[in-house]
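Please read the structure below before turning to the comments.
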Amino acid sequence: MKHEFIGLPVRVTDAADPTLRGVEGIIIDETKHTFIIQNDGRKQVPKRHASFEIHGIEVHGDDIAYRPEDRIRKIK
272 MKHEFIGLPV RVTDAADPTL RGVEGIIIDE TKHTFIIQND GRKQVPKRHA SFEIHGIEVH
332 GDDIAYRPED RIRKIK
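Counting along the sequence shown from 1, when you hit position 66 you're at 337 in my numbering, and nothing is skipped either side.
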């Protein structure tokens with residue numbers, strides 16, 4: 272989870288907003304609270320209360336809700 276996520280393929284496996292479940296694409300930007308995913312368009316997906324599959328690994332958004340540059344220090 273310390274890895275850089277920008278440029279990686281992602282699929283939203285669960286989200287508080289049911290319309291975001293199943294969204295797939297490439298992560299083109301990341302903030303503390305969201306991923307911006309490029310597919311046919313662009314989707315801004317909140318990390319909180321969501322789960323993602325990144326490179327076949329299930330990642331819970333609540334566990335990575337840090338600024339990308341802080342995540343390396345905070346996640347053990």
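Backbone N, C-alpha and C define an ideal beta-carbon position, used for all residues, glycine too.
{"query": "What residue ranges within the region 296-337 form continuous alpha helix (DSSP H) runs of no fewer than 4 residues, ordered along the chain?", "result": "none"}
{"query": "Quick one: give me the first and last residue of the beta strand (DSSP E) that Pro289 is part of.", "result": "Looking at the DSSP string, Pro289 is not in any beta strand (DSSP E), and its letter there is neither H nor E."}
{"query": "Under 8 Å between the Cβ atoms of Ile299 and Gln315?", "result": "no"}
{"query": "Taking its Cβ as the centre, do 16 or more other Cβ atoms sit within 10 Å of Lys278, making it buried, or is it exposed?", "result": "Checking the displayed sequence, the identity of residue 278 turns out to be Gly instead of Lys. Gly278 should be labelled exposed."}
{"query": "Does Arg342 pass the burial test, meaning 16 or more other C-beta atoms within 10 Å, or should it be called exposed?", "result": "buried"}
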